[in-house]
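Student: Residue numbers (this note's numbering), protein chains in the order written: chain A, 93 to 408; chain B, 4 to 379; chain C, 58 to 555. Quick one: structure below, then a few questions.
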Amino acid sequence: MTRHRTGSTGGHPEPLLFRRDRTSVTKSPSLKGSCWQILESSGECASFCRMAETMDELEDLISGLRVQIRRALANGQRAEVPKLRAELHAAEQRWDTGLQEIEGSDTGQAPLAPLPSGASLLPMREQVHQVLTLLGAPAAPKLIVAVHEAFNGGELVSAKLTSLRRDEERSFRSAPFARPYYLCSALAVDQWVSVRGLLAVSTWSLDRRMIGPLSPRVDFLSGAIRLAQHVERTGDPGPQTSRLLWRFATNIPGAAESFGSARPAAIIAAARAELEVHDAADRAQRKAAAEAARRRLDDVQQLFGAQPLRAVRSAD
Amino acid sequence: MTVIDDRLNAIRGAAPRKPHNARTLAALAANPGCRRRTLMDAAGVNKALIADRLGYGMTVGQMSSIALARGKSFEAQVKAEGGNDLLRLLRLHLDLPTAQAHYHDLNPADDDDRISARLRRSQRALEEAARASDPVGTMFDHPILQLTMNGVRVHIEPDLIAFKFGDRFHIVEIKSFPIVDGVADSGKVAAAAQQAAVYVLAMREMLQTAGLSPELVSHEVILVCPRDFSNQPVAELVDVRKPLASLRRHLTRMESIDTLLPILPPSLTFDLVLDATGQPTRSPDDLAASVAQVSARYSPDCLQSCELAGVCRAEANGTVPVLGRVVREELGGIDSIAEAIALATGGRVPDDSQREAARLLRTAYQMRQQALEAMR
Amino acid sequence: MTVMSSLARVLAAGSKTPQRVTLYRHLHVSEQPIVMVPIILAGETNAPLAVMVGSDPGQPEVIVTRQPRERAERLRFAERLAGHLLFPIASMAATTQRVDTRRPELSVRATQAPQVWVPNPAGVDYVRLLGRMTRFRSSEGPWAVAPSVRQLGIWLTWLAEQAEFADSCVLVPATRALSAVWATGQSDVEDGNLAAVMAWLAPPPGMAIIDAARRAEDPAVCPPAGPATDPTFDRLFLQPTLRDLASAATELARRQVLHRLTGMLVEQMRPTWDLVWQAIDLLGAEPPAARVARRWERQRDRFTAFHHYVSDGGYPQAKRDNAVRGAQRLAEMEQRLASFDAERAYDDPLVLADYRLAGEAFAGEVVASDPHRRVRGAQRSVTRPLVTVTTTDPVRLDVGQQVHDPSRNGQRALITSLDEATDGWIVELELQDKMGRGRAPEPGSVPAVGDEVVYTALADTFVRRGRAWPARENIPWTHGGPPPEPVPVPEDAVEDWS
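So this is what it looks like as structure tokens:
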């Protein structure tokens with residue numbers, strides 16, 4: 093064999109040592125020596141070796157701290173962990189600084205991604221309101237984000253939408269009906285509690301905000317129809333809009349024609365055909381539930397849902 | 004029942020109960036002969052903490068937090084907007100009529116939603132769908148089922164149950180491992196099937212109690228996975244008759260807790276005696292003595308499914324089962340490694356039950372020596 | 058596993074030292090191995106996170122994805138990996154030698170073939186999936202990738218396909234290669250962990266094997282050999298870092314996080330990298346069995362042939378085998394396994410012992426020999442020596458059965474009688490061939506009284522495919538009919554990613 097070997101060739105050779113500057117193999121090997129070449133070869137940083145010694149020490153410290161954190165957790169010494177974490181964080185920051193010094197000039201200070209060109213200047217609740225109005229039915233944050241991105245080109249963060257409903261409820265409680273609309277809940281037909289993860293508009297009738305077993309499907313189909321109609325009106329859809337339409341179409345029998353393409357007219361026809369099947373039953377359920385709810389719930393509850401009746405339920 | 008519960012609570016000690024789930028039930032059925040695990044699981048003992056205290060902490064069956072997050076997000080995607088993706092797959096595989104598109108959300112309404120309330124809601128919805136004369140239910144998202152396992156009631160939560168009106172219920176398992184070109188990792192499919200079998204059994208039990216036919220639950224479960232390298236869900240029907248049969252067999256074979264408890268010392272407990280800061284104060288030696296009072300049945304497969312495996316392996320040190328199932332079977336009747344070596348080298352006369360294995364070992368040993376000497 | 062290897066495990070456990078299961082190494086160990094230690098992001102379908110790759114133990118190349126959840130980054134990762142793998146493959150294929158063969162298409166043979174080492178069988182799956190992920194990518198159109206990505210996919214797929222054959226050695230999982238030679242005193246479950254096997258074979262200096270094996274199970278000091286990462290590592294370090302990466306606001310911040318990420322991933326891969334090289338050295342130092350060179354030649358032939366296929370612009374391998382291809386592959390797999398088993402038994406007394414234990418081979422002493430016996434054949438009389446052997450082995454062969462003598466180039470013999478003796482068997486054999494052309498058998502071609510001999514029912518003949526398979530255009534409709542040409546379709550390239 094031509095390869096360089098440092099181990100003996102007997103039955104139980106010594107473990108090979110590849111690190112030039114350390115001799116212990118029981119320690120976790122770290123990023124040095126050969127590694128810097130790696131980073132160089134990937135074109136990421138060329139002048140690393142100058143500071144190698146101090147950086148080496150920092151790396152040893154960092155990997156040592158990682159092992160210590162794991163040990164502490166494994167041995168049930170949770171109390172130690174925050175301190176070690178802080179030390180690790182500090183070491184990483186020193187390392188970051190070291191890296192910055194080596195890299196020299198501040199070429200990297202520019203912000204990473206400029207705001208998307210189509211970013212809307214409207215407040216978030218307005219943007220959500222627009223999307224919900226377009227869909228015409230209660231929707232989950234993920235769908236709202238997808239529709240917004242497809243039609244308005246901007247970005248919404250779906251995590252922020254979750255807190256939106258709470259803010260709206262607070263605002264309504266402090267000054268009821270002070271705003272032209274509120275983003276509120278959809279209610280479950282059986283208990284009138286707020287349905288997990290759905291957003292609706294307060295100006296919609298309570299029927300429309302009631303969710304029975306068939307309502308998610310009905311709302312999906314009617315949403316598909318409204319989106320397709322919108323595309324028909326506005327003409328040539330962009331790639332993101334086509335993609336969204338296609339996503340809808342794949343889940344409606346007879347709506348998608350071929351891979352990656354869906355005509356609005358085909359979506360509308362197919363969705364209407366299925367809607368026909370569910371609409372009457374769903375409408376009746378929603379209407380009955382809404383009527384009962386209107387009699388029993390106050391304004392806040394009608395918009396944001398009743399408290400679950402746990403005590404009553406467990407007594408039955 | 005309360006006597007048993009009291010006893011199990013005492014065995015667990017002050018620690019909070021660690022409930023079973025379908026995965027732990029399936030794992031338990033994989034080694035039904037292990038009393039130690041049967042008892043600790045029935046009592047809801049946190050085995051990982053016991054192992055840690057005994058100095059054999061292991062990271063068994065731990066799922067990466069990253070994998071868990073991805074699994075959750077895939078499941079959420081499949082169920083988004085009233086399960087539209089899922090509905091497409093159900094229509095494709097079950098030939099579901101268009102009229103069936105109902106979606107029942109049986110998830111906890113909030114943090115205070117008790118499991119018993121969810122169980123009642125789930126039972127009501129599922130039984131109503133089974134009894135109704137028109138389709139009123141199709142998809143049941145995260146219902147709660149209940150299974151009685153050696154005298155202990157266990158709550159489990161399938162991803163989804165689908166119902167085809169006039170036909171059957173199907174358990175739906177949503178997993179984030181991929182089906183690449185129509186093929187999935189067979190080990191993962193088998194694990195999913197085992198888990199689904201637990202759900203099938205539990206749901207059949209529920210229907211039977213309600214006076215409905217258990218046959219209403221299909222033995223074909225629907226496995227939903229991402230396709231290839233994408234996020235697009237695809238479904239496959241998986242026949243769980245085999246895992247179901249073996250689960251049933253193991254459940255009946257499993258030593259019932261009420262026959263096990265009387266033969267254990269009344270003072271037995273695995274309480275770690277935590278101090279104010281949550282640190283265990285029970286001496287490891289004392290704890291080990293308690294653990295040793297309940298016999299285990301170690302096999303290397305335990306390393307992948309039981310947190311206590313390190314403890315049992317150390318205890319089984321020097322015995323043949325430590326070397327794996329195949330070795331154990333080949334040396335049938337010989338339990339100790341030292342004994343096996345003595346029989347192989349001729350240092351010991353075999354008893355009747357060992358004669359066949361011993362003869363083979365002796366011959367093998369001679370051939371081995373012959374070959375090794377020729378090499379020198 | 059067999060009785061012999063079970064015995065070896067028992068002896069290893071008893072003596073706390075590893076025990077051989079073969080006398081020789083039956084795997085070719087390349088002089089220029091390529092080692093690959095991959096790790097992937099948990100929960101995703103083979104989403105590469107990082108890989109350590111190269112042919113120099115002291116200088117691993119490290120490739121880290123800049124964003125494991127982005128499709129474009131995964132492909133860029135593949136492109137960088139292609140840079141490290143395709144070059145050695147191409148240069149090995151470029152150096153050829155002429156060979157004598159009746160088959161003109163095989164008249165040249167590459168003097169080297171790639172040998173890629175991964176830590177464990179999961180590493181083989183990684184190679185297969187990465188190959189599947191990249192081989193259909195197009196270098197044109199909206200999702201164009203560098204042509205090397207597709208080439209990489211085709212080669213990785215070939216490596217992974219070859220790894221399914223028992224006798225192949227172009228993609229080697231280190232754990233299996235080690236377990237083929239040595240038994241440890243632990244179970245095969247523990248042996249699946251490279252660090253645990255190496256704890257037995259080469260514990261850190263001054264450390265007892267048992268302590269080393271315990272240490273090998275502590276992921277804090279011995280990170281798993283991948284491609285899956287340790288869940289605790291994920292939770293404590295990887296997940297927060299990936300979060301920082303996603304939220305980095307400036308180019309500098311992103312680079313800092315990337316360096317930190319690289320650092321912690323290197324920490325996870327490096328111990329395994331060192332172990333794989335150590336394993337290669339251990340195995341390389343073992344004496345190779347006689348037929349290793351011949352198998353390596355055949356492997357180089359396959360490599361040469363596939364290289365020609367690729368350089369002629371061959372299509373990527375189909376997603377699924379058609380009926381004929383599937384049957385062919387299965388038959389080839391069985392046949393190569395059978396001949397691999399036979400070759401190992403011929404070369405290695407310790408392997409042969411398993412067949413002796415099972416009664417399919419026996420060793421004994423010649424007690425009578427009639428080398429000049431002639432019998433009347435169809436046209437003329439022929440030399441058919443009779444040899445009588447006593448053995449204490451548990452023979453389970455029948456009169457009339459054909460056996461072979463591994464030490465005489467597989468000389469055929471028929472069992473003419475079989476009698477039970479007090480302590481074993483007396484076997485009479487009639488030798489059939491390999492005695493030269495003369496009237497009298499060549500000296501040494503017939504065992505003499507007092508010789509130690511071994512006969513086995515295993516035949517060491519490399520049988521060419523016995524069946525004629527229909528050509529792809531003649532596949533009957535009952536088996537799916539002629540398959541379509543495996544032309545990559547655009548759908549493959551637009552495949553949505555998670």
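Backbone N, C-alpha and C define an ideal beta-carbon position, used for all residues, glycine too.
Please state the DSSP three-state secondary structure of aspartate 427(C).
Tutor: Position 370 of the third sequence holds residue 427(C). Aspartate 427(C) falls in the strand class under three-state DSSP.
Student: Tell me, please, whether the CB atom of arginine 207(B) is closer than 7 angstroms to any CB atom in chain C?
Tutor: The residue given as residue 207(B) occupies position 204 in the second sequence. Chain C, which has no Cβ nearer than 7 angstroms to the Cβ of arginine 207(B), makes this no.
Student: Between which two residues does the beta strand (DSSP E) containing histidine 461(C) stretch?
Tutor: On the third sequence, position 404 is the one that residue 461(C) refers to. Histidine 461(C) -> beta strand (DSSP E) spans 459-462.
Student: Is the segment 266-276 of chain A close to the segment 326-338 of chain A, with three or more CB pairs under 8 angstroms?
Tutor: No: the two stretches stay apart, fewer than three of their Cβ pairs being nearer than 8 angstroms.
Student: For chain B, is any of its Cβ atoms less than 7 angstroms away from the one on threonine 447(C)?
Tutor: On the third sequence, residue 447(C) is found 390 positions in, with the first residue counted as 1. Taking Cβ atoms only, chain B never reaches closer than 7 angstroms to threonine 447(C), which makes this a no.
Student: Roughly how many angstroms separate the alpha carbons of serine 155(A) and leucine 57(B), rounded to a whole number?
Tutor: Counting from 1 along the first sequence, the entry for residue 155(A) is found at position 63. Counting from 1 along the second sequence, the entry for residue 57(B) is found at position 54. Looking at the two C-alpha atoms, the distance is approximately 27 angstroms.
Student: Verify whether the separation of the beta carbon atoms of aspartate 517(C) and alanine 399(C) is less than 7 angstroms.
Tutor: Taking the third sequence and counting its residues from 1, the one referred to as residue 517(C) is at position 460. Taking the third sequence and counting its residues from 1, the one referred to as residue 399(C) is at position 342. Yes, they are a contact pair.
Student: Along chain B, which residues have their Cβ under 7 angstroms away from the Cβ of proline 215(A)?
Tutor: Looking up residue 215(A) in the first sequence gives position 123. None at all; the shortest Cβ gap to chain B is about 25 angstroms.
Student: How about the segment 276-293 of chain B and the segment 24-42 of chain B: do they share at least three Cβ pairs that are nearer than 8 angstroms?
Tutor: Counting Cβ pairs under 8 angstroms, fewer than three are found: no touch.
Student: Does valine 184(C) get closer than 7 angstroms to chain B when you measure Cβ to Cβ?
Tutor: Counting from 1 along the third sequence, the entry for residue 184(C) is found at position 127. So, not an interface residue.
Student: Can you list, in chain order, the residues of the segment 383-410 of chain C whose Cβ is nearer than 7 angstroms to any Cβ on chain B?
Tutor: Answer set for the segment 383-410 of chain C: Pro406, Leu407 and Ala410.
Student: Am I right that leucine 191(A) and glutamine 313(C) are in contact with their C-beta atoms under 8 angstroms? What's the rounded C-beta distance?
Tutor: Taking the first residue of the first sequence as position 1, residue 191(A) is located at position 99. Taking the first residue of the third sequence as position 1, residue 313(C) is located at position 256. Going by Cβ atoms, the distance from leucine 191(A) to glutamine 313(C) rounds to 6 angstroms, so yes, they are a contact pair.
Student: In whole angstroms, give me the CA-to-CA distance for leucine 240(B) and glutamine 103(B).
Tutor: For the purposes of this step, residue 240(B) is taken as the residue at position 237 of the second sequence. For the purposes of this step, residue 103(B) is taken as the residue at position 100 of the second sequence. Distance between the alpha carbons of leucine 240(B) and glutamine 103(B): 19 angstroms.
Student: Out of curiosity, what's the CA-to-CA distance linking leucine 563(C) and aspartate 245(C)?
Tutor: Residue numbering for chain C in the displayed model covers 58 to 555; residue 563(C) lies beyond these limits and cannot be assessed.
Student: Considering just the uninterrupted stretch of the alpha helix (DSSP H) at aspartate 144(B), what are its terminal residues?
Tutor: One-based indexing of the second sequence puts residue 144(B) at position 141. Careful: aspartate 144(B) lies outside any alpha helix (DSSP H), inside the beta strand (DSSP E) at 142-144.
Student: CA-CA distance, arginine 142(A) and glutamate 193(A)?
Tutor: Along the first sequence, read from residue 1 onward, the residue named residue 142(A) stands at position 50. Along the first sequence, read from residue 1 onward, the residue named residue 193(A) stands at position 101. Note that arginine 142(A) scores 38 on pLDDT, short of 50, meaning its location in the model is unreliable and no value can be drawn from it.
Student: Alanine 556(C) and alanine 240(C) look like a contact to me (Cβ under 8 angstroms); what is the Cβ gap, rounded to whole Å?
Tutor: Within the shown structure, residues of chain C are numbered from 58 to 555, placing residue 556(C) beyond reach of any answer.
Student: Under 7 angstroms, do aspartate 427(C) and leucine 443(C) count as touching if we go by C-beta distance?
Tutor: Position 370 of the third sequence holds residue 427(C). Position 386 of the third sequence holds residue 443(C). Yes, the Cβ-Cβ distance between aspartate 427(C) and leucine 443(C) is below 7 angstroms.
Student: State the Cα-Cα distance for the pair serine 308(B) and threonine 27(B), rounded to the nearest angstrom.
Tutor: Walking along the second sequence from the start, residue 308(B) turns up at place 305. Walking along the second sequence from the start, residue 27(B) turns up at place 24. Each residue's Cα considered, the two are about 8 angstroms apart.
Student: Please confirm whether alanine 104(B) has its beta-carbon closer than 7 angstroms to some beta-carbon of chain A.
Tutor: Residue mapping note: residue 104(B) aligns to position 101 of the second sequence, counting from 1. With 7 angstroms as the cut-off, alanine 104(B) counts as an interface residue toward chain A.
Student: List, in order along the chain, the chain B residues whose C-beta lies closer than 8 angstroms to that of leucine 336(A)?
Tutor: Counted from its first residue, the first sequence places residue 336(A) at position 244. None at all; the shortest Cβ gap to chain B is about 12 angstroms.
Student: Measure the CB-CB distance between glutamate 136(C) and valine 206(C) and report whether it falls below 7 angstroms.
Tutor: Against the third sequence, residue 136(C) aligns to sequence position 79. Against the third sequence, residue 206(C) aligns to sequence position 149. Contact flag set, yes.
Student: Within the same chain, show all residues whose beta-carbon is closer than 6 angstroms to that of proline 125(C), passing over the 5 residues directly before and after it, in chain order.
Tutor: Position 68 of the third sequence holds residue 125(C). Only Leu98, Ala104 and Leu106 meet the Cβ criterion.
Student: Considering just the uninterrupted stretch of the beta strand (DSSP E) at aspartate 108(B), what are its terminal residues?
Tutor: Sequence index remark: in the second sequence, residue 108(B) carries index 105 (1-based). Counting along the chain, the beta strand (DSSP E) containing aspartate 108(B) begins and ends at 106-108.
Student: Measure the alpha-carbon distance for proline 138(B) versus leucine 306(A) and round it to whole angstroms.
Tutor: The residue labelled residue 138(B) in the question sits at position 135 within the second sequence. The residue labelled residue 306(A) in the question sits at position 214 within the first sequence. Using only the alpha carbons, I get a separation of about 11 angstroms.
Student: Taking a Cβ distance cut-off of 7 angstroms, strictly less, list which residues of the segment 241-259 of chain A are near chain C, in chain order.
Tutor: Listed by position along the chain: nothing, the set is empty.
Student: Taking CB distances under 7 angstroms as the criterion, tell me whether glutamine 313(C) reaches chain A.
Tutor: As a first step, residue 313(C) is located in the third sequence; it is residue number 256 there, counting from the start. So, interface residue.
Student: Within its chain, find whatever has a CB closer than 6 angstroms to the CB of tyrosine 274(A); leave out the 5 residues flanking it on each side and keep chain order.
Tutor: As a position in the first sequence, residue 274(A) is number 182, starting the count at 1. Counting only Cβ-Cβ distances below 6 angstroms, and skipping sequence neighbours, we find Glu260, Phe264 and Ser294.
Student: Identify whether aspartate 304(B) lies in helix, strand or coil by the three-state DSSP scheme.
Tutor: Sequence index remark: in the second sequence, residue 304(B) carries index 301 (1-based). Correct three-state label for aspartate 304(B): helix.
Student: When the Cα of valine 60(C) is compared with those of Met378(B), Arg371(B), Ala377(B) and Glu376(B), which residue comes out closest?
Tutor: Stepping through the third sequence from its first residue, residue 60(C) is reached at position 3. The shortest Cα separation from valine 60(C) among Met378(B), Arg371(B), Ala377(B) and Glu376(B) belongs to Arg371(B).
Student: Of all the CB atoms in chain A, is at least one closer than 7 angstroms to the CB of alanine 374(B)?
Tutor: Within the second sequence, numbered from 1, the residue matching residue 374(B) stands at position 371. By this cut-off, alanine 374(B) is not an interface position.
Student: Anyone know if the C-beta pair for valine 325(B) and alanine 317(B) falls short of 7 angstroms?
Tutor: Within the second sequence, residue 325(B) is the residue found at index 322, counting from 1. Within the second sequence, residue 317(B) is the residue found at index 314, counting from 1. The answer is no: Cβ separation not under 7 angstroms.
Student: CA-CA distance, arginine 262(A) and proline 233(A)?
Tutor: The count along the first sequence starts at 1 and reaches residue 262(A) at position 170. The count along the first sequence starts at 1 and reaches residue 233(A) at position 141. Approximately 19 angstroms between the Cα atoms of the pair.
Student: Give the straight-line distance between the Cα atoms of leucine 89(B) and valine 181(C), rounded to the nearest whole angstrom.
Tutor: As a first step, residue 89(B) is located in the second sequence; it is residue number 86 there, counting from the start. As a first step, residue 181(C) is located in the third sequence; it is residue number 124 there, counting from the start. Approximately 33 angstroms, taken between the alpha carbons.
Student: Would you mind working out which of Ala165(B), Ala374(B), Glu333(B) and Phe232(B) sits nearest tyrosine 403(C), comparing C-alpha positions?
Tutor: Walking along the third sequence from the start, residue 403(C) turns up at place 346. Answer by Cα proximity: Ala374(B).
Student: Taking the continuous alpha helix (DSSP H) assigned at histidine 96(B), which residues delimit it?
Tutor: Start at 1 with the first residue of the second sequence, and residue 96(B) comes out as number 93. Unbroken alpha helix (DSSP H) run through histidine 96(B): 68-97.
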